[in-house]
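As numbered in my numbering, the sequence shown has no gaps in its residue numbers, which increase by one up to the final residue, 698.
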Amino acid sequence: MNDVKELTENKSIWLLYGLAGVLTIIVIYYQWLIGSVLALVLAVLMYITYRTEALIKQRTENYISTLSYRVKKVGEEALLGMPFGIILFNEEFQIEWANPFMNDYFDSERSLIGEDLSDFSEALELAAKDEEDEKWITLGERRFQAIIKTEERLVYLFDRTEQIELETLHDNERTILGVIFLDNYEELTQAMDDTSKSHLNSEVTSILNNWSNDYGIFLKRTSQERFIAVMNKEILTQLEKTKFEILDEVRELISDQNVPLTLSIGIGRGTTDLPELGDLAQSSLDLALGRGGDQVAIKDDTGRVKFYGGKTNPMEKRTRVRARVISHALRELVRESEKVLIMGHQTPDMDSIGSSIGILKLAQQNGKKGYVVFDPDGVNTGVHRLMDKIGEHESLKDWFITPDDSLDIVTKDTLIVVVDTHKPSMVMEERLLNKTEHIVVIDHHRRGEEFIEEPTLVYMEPYASSTAELVTELLEYQDGPLKLDVLEATSLLAGITVDTKSFTLRTGSRTFDAASYLRSKGADTVLVQNLLKEDLDVYVRRSELVKNATVYREGIAISKGLRDENYGAIIIAQAADTLLTMSNVKASFVIAKRHDGKIGVSARSLGEINVQIIMEKMNGGGHLTNAATQLEDTTLEQVEEQLRGIIEEYFEGGDEE
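The following block contains the structure:
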C-alpha cells in the first residue's frame, strides 16, 4: 500500500520537473553556462526519479499479483472447506456440484454430482420447485436448515442438529406447575369417623407420593384436598404418554359409602413467568372442575387446552348448600338491577325456553321486570307448540321480545341471565353481553374453553340433568311463596323431560325432587306429552336415518344421511336418540346434511362413552351423553372418516381442545 501511495506522489513530481525544465530553458537563453549546469542536474534527477518509479511499479505489480493469488486460493479453500453444505443444481433439478462438506453424510464412494435432487431429499426438491426460500430437512439422523436461492439454483445446508438438541434440552427443562384437587373429598369424609378418614388420607397420600417419586415430581400437600406439583416438560410428556393413569388409580379407592374418590389436575405450561404459570394452572383446574372433574386439563400461554380423562359421569353433589347460596346471590343481583333480560342459545329447545321462563318468574318474584329474548324464526316443531301456548297466555306473551327489541331497552344497570349455554357465540343475541357488566350464567353443560368473559355469577353443574332442573332449585329457595301457573310449571318440567329422555338418562335424586316440586305447582304431564308429540313425516324421515345405521365397532352405531337430502337438526338428534334404544348400542352418531348447508353430527351415549369429548374434537360440544357439532366446507364421507379416526383416538386416551 505504501508503494501505491509513492506512485501517486511521483505523478506530482513529474509535473514539477516539467515546470523546472521550462525555467531551465529560459535560463539557458540568458545565461547558457548556468543553464547548461542546471539542465544537467535536472536530467540526473529525472533519471533517478524514472528508475525509482519503475521499481515501485514493479513492486506494486508483484504485490497485486501475489494478493490476487492469495484471494483466489483462500476463496477456493473457503468454498471447499466451509462448515456448511453447498449444492448447485440445473434446470432439471439434477445436482451439478456439491462441496466436500456433504460427503460427510454419505458413503465416501458416492458422488452426488449427476443425481436427482429428489434422490438427495424429496422435500428439498419440492421446496425448490415451489420456489421456497427456506426448508428444514432430515438427512439420516441430522437436521438441516436449507436456504434456497432459486434464481442461482443454489442451496446452502446448515447442520442445526446440535442447536435443536440444545433447544430441546432447554425446552424439556421448562418448569411446569400443577394443582391437584380431590373432587369429592369433602362430601366423602363428612360422615366418616376419624379412623376411616385417616385410612382414606393415608391411601390417597401413598398413591400420590408413589406416583410423584416414579416420575420425579415435587409434590406438596397444601390442604386436605389440594396438592401442588412441580415438574418439567419432559416429565409432563411422560405423563401424557400414560394418559395420566393416576386418575384411574385414585378412582379405584372405594370409600365406606361405596363411592369412588376422584381427582382433577390443572396444569400450566408454556411460560417462564411463575405468577402467570400459577394462573394458568388454576385456570386449568377451574376448567377441569367445570367439566365435571375426574380429569386433567393442560393449558399453555396461548390458551390452547388439552384434556385427559373425563370419561366418567360426574358425581351428583350430596348437599343443597350451593343451590341455596346461588339462589340468594341471584336474588340480590336481581334486586339491585333495573331490569332483567334472559336469553338461552340459538335455535332454543324446551330446556332453554323452560329455564328462561323460570328465571322470568324469579325476577317477577323479586319485584323486577324481566324479558325473555327470543327469535321466533329459529325454533323447531316442539318449541312451536310451546310458543303457541305462550302466545295464548295473557301474563307470559308480553314478556317475550326479539333480539332487536332487547338491544333497545338494555342499559348498563340491566342484569343479563344466560341459560343453557356458556358460549358467547351461541347465545340468542351476543351484542347484549357488551352492553352491561352484570351477567349471570346458568348451565348444565361441561365447561368448554369458549366462555363468557367475567360473568358476575356462574352456576354450572355438569351433574344436573338440565338447566330447568337447576332453575327449579333456585326457585325453591326464593323468599316468600312462589306462584307458578300450569303452563309455567309445565314448561320447566318439559325441559327436564326432554333432556332426560323422559327420565331415562342423566337423572339423579335431585332430578326427581325438582320434577316433584313442579308437579306440586301444577305441572301437567299430559300437556308435556302433547308438546312433545311429533308429526308423521318427521317420524318417517327419522326412520330413514335409523335404517342407514351400521355398527362401526362394538357398541357404537353410526348413521349417515342421503347425500342429496337435507334434514332438520331435530330429526338428526332424534335419530341418534332412537339408535341408542337399540340393543347392544352404547353410543350413536348420526351424520346428515342440514337445511343451512352444514353437515350436522348428533352424538348420544348411555354414559360409558363420553361423546362430548369426541364432538369437541370436531369443534362441537355438549354433555357427556348428549353432544353435537356442525361442520362447513366438507362432505358426508369426509366427516364420517374424521369421526371414525377420532373414535379410535378416543379409545386410546388423551383429548385436546
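The beta-carbon is built from N, C-alpha and C at its ideal position, and this holds for glycine as well.
In this text the structure is predicted, and so the values were computed from the model without any measurement.
Looking only at its chain, what residues have a beta carbon closer than 8 angstroms to the beta carbon of residue i, apart from the 5 residues adjacent to it on each side?
{"i": "Glu681", "result": "Ile599, Lys601 and Ile632"}
{"i": "Val424", "result": "Pro389, Asp390, Met391 and Ile394"}
{"i": "Ile276", "result": "Ile217, Tyr256, Gly257 and Ile258"}
{"i": "Asp314", "result": "none"}
{"i": "Thr303", "result": "Leu223, Asp224, Asn225, Leu288, Val291, Arg292, Gly334, Asp335, Thr353 and Met356"}
{"i": "Thr65", "result": "Gly76, Leu79, Ala80 and Leu83"}
Compute the Euclidean distance between the alpha carbons of residue i and residue j, then round it to the nearest angstrom.
{"i": "Ile383", "j": "Val366", "result": "20 angstroms"}
{"i": "Arg426", "j": "Asn625", "result": "34 angstroms"}
{"i": "Thr263", "j": "Thr179", "result": "47 angstroms"}
{"i": "Val196", "j": "Glu208", "result": "25 angstroms"}
{"i": "Glu132", "j": "Phe125", "result": "23 angstroms"}
{"i": "Ala610", "j": "Asn213", "result": "46 angstroms"}
{"i": "Arg372", "j": "Lys409", "result": "10 angstroms"}
{"i": "Gly62", "j": "Thr93", "result": "19 angstroms"}
{"i": "Phe222", "j": "Asp526", "result": "43 angstroms"}
{"i": "Lys542", "j": "Arg645", "result": "11 angstroms"}
{"i": "Leu57", "j": "Leu83", "result": "11 angstroms"}
{"i": "Lys574", "j": "Tyr580", "result": "10 angstroms"}
{"i": "Asp235", "j": "Asn242", "result": "10 angstroms"}
{"i": "Phe161", "j": "Ile136", "result": "9 angstroms"}
{"i": "Thr666", "j": "Lys176", "result": "46 angstroms"}
{"i": "Gln72", "j": "Gly59", "result": "20 angstroms"}
{"i": "Lys430", "j": "Val587", "result": "32 angstroms"}
{"i": "Gly695", "j": "Thr343", "result": "Per-residue confidence for Gly695 stands at a pLDDT of 47, beneath the threshold of 50, marking its modelled position as unreliable; no derived number is given."}
{"i": "Asp320", "j": "Asn571", "result": "50 angstroms"}
{"i": "Thr538", "j": "Ile398", "result": "16 angstroms"}
{"i": "Leu546", "j": "Thr670", "result": "21 angstroms"}
{"i": "Ser239", "j": "Gly385", "result": "46 angstroms"}
{"i": "Gln323", "j": "Asn273", "result": "17 angstroms"}
{"i": "Gln279", "j": "Phe285", "result": "9 angstroms"}
{"i": "Gln99", "j": "Tyr88", "result": "17 angstroms"}
{"i": "Arg685", "j": "Tyr349", "result": "19 angstroms"}
{"i": "Pro522", "j": "Lys562", "result": "11 angstroms"}
{"i": "Gln683", "j": "Met656", "result": "11 angstroms"}
Throw me the rounded Cβ distance for the residue i and residue j pair, which I believe falls under 8 angstroms.
{"i": "Thr548", "j": "Ser584", "result": "The Cβ separation is near 27 angstroms, so there is no contact."}
{"i": "Tyr593", "j": "Ile687", "result": "12 angstroms between Cβ atoms; not a contact."}
{"i": "Ala628", "j": "Ile650", "result": "4 angstroms"}
{"i": "Val337", "j": "Arg267", "result": "Not really, about 15 angstroms apart at Cβ, beyond 8 angstroms."}
{"i": "Asp416", "j": "Thr443", "result": "7 angstroms"}
{"i": "Gln387", "j": "Gly419", "result": "6 angstroms"}
If you measure between the beta carbons of residue i and residue j, is that distance less than 7 angstroms?
{"i": "Val414", "j": "Met469", "result": "yes"}
{"i": "Pro301", "j": "Arg292", "result": "yes"}
{"i": "Leu533", "j": "Ala509", "result": "yes"}
{"i": "Ala164", "j": "Ile189", "result": "no"}
{"i": "Glu490", "j": "Val642", "result": "no"}
{"i": "Ser436", "j": "Val512", "result": "no"}
{"i": "Ser368", "j": "Tyr504", "result": "no"}
{"i": "Thr497", "j": "His486", "result": "no"}
{"i": "Ala556", "j": "Thr531", "result": "no"}
{"i": "Glu673", "j": "Lys639", "result": "yes"}
{"i": "Ile248", "j": "Lys261", "result": "no"}
{"i": "His463", "j": "Phe492", "result": "yes"}
{"i": "Asn140", "j": "Ile127", "result": "yes"}
Just curious, the beta strand (DSSP E) that residue i is in, first and last residue?
{"i": "Gln186", "result": "Arg183 to Lys190"}
{"i": "Phe259", "result": "Phe259 to Ser264"}
{"i": "Leu784", "result": "Absent from the structure is residue 784, since the part of the chain shown begins at 42 and ends at 698."}
{"i": "Ser506", "result": "No beta strand (DSSP E) contains Ser506, which DSSP labels as neither H nor E."}
{"i": "Leu129", "result": "Gly126 to Phe130"}
{"i": "Arg472", "result": "No beta strand (DSSP E) holds Arg472; DSSP gives it neither H nor E."}
{"i": "Gly399", "result": "Element bounds for Gly399: not the beta strand (DSSP E) but the alpha helix (DSSP H), Met391 to Gln406."}
{"i": "Asn625", "result": "Unbroken run through Asn625: none, as it is neither H nor E."}
{"i": "Trp177", "result": "Glu175 to Leu180"}
{"i": "Tyr412", "result": "Gly411 to Val414"}
{"i": "Asp341", "result": "Gln336 to Asp341"}
Whose C-beta lies closer than 6 angstroms to the C-beta of residue i among residues of the same chain, with five residues either side of it excluded?
{"i": "Glu166", "result": "Phe134, Leu158 and Ser159"}
{"i": "Ala535", "result": "Met391, Gly395, Val569 and Leu572"}
{"i": "Lys476", "result": "Val451"}
Considering just the uninterrupted stretch of the alpha helix (DSSP H) at residue i, what are its terminal residues?
{"i": "Met384", "result": "Note, Met384: premise wrong, no alpha helix (DSSP H); beta strand (DSSP E) at Val381 to Met384."}
{"i": "Ser38", "result": "The structure shown has nothing for residue 38, since the chain only spans 42 to 698."}
{"i": "Arg660", "result": "Sequence inspection shows Asn at residue 660; the Arg mentioned does not correspond to that position. Note, Asn660: premise wrong, no alpha helix (DSSP H); not H, not E."}
{"i": "Glu700", "result": "Outside the shown range of the chain (42 to 698) lies residue 700, about which nothing can therefore be said."}
{"i": "Gly219", "result": "It is not in any alpha helix (DSSP H) - Gly219 instead sits in the beta strand (DSSP E) that spans Thr216 to Leu223."}
Grab me the residues of residue i's own chain with a C-beta within less than 7 angstroms of its C-beta, minus the 5 sequence neighbours each way, in chain order.
{"i": "Arg359", "result": "Low per-residue confidence applies at Arg359: pLDDT is 40, beneath 50, and the placement is therefore not dependable, though the value from the model is reported in the following sentence. Counting only Cβ-Cβ distances below 7 angstroms, and skipping sequence neighbours, we find Glu228."}
{"i": "Glu471", "result": "Pro465"}
Give a yes or no on whether the minimum CB-CB distance between residue i and chain B is below 7 angstroms.
{"i": "Pro465", "result": "The chain labelled as chain B is not found in the depicted structure, where only one protein chain is given."}
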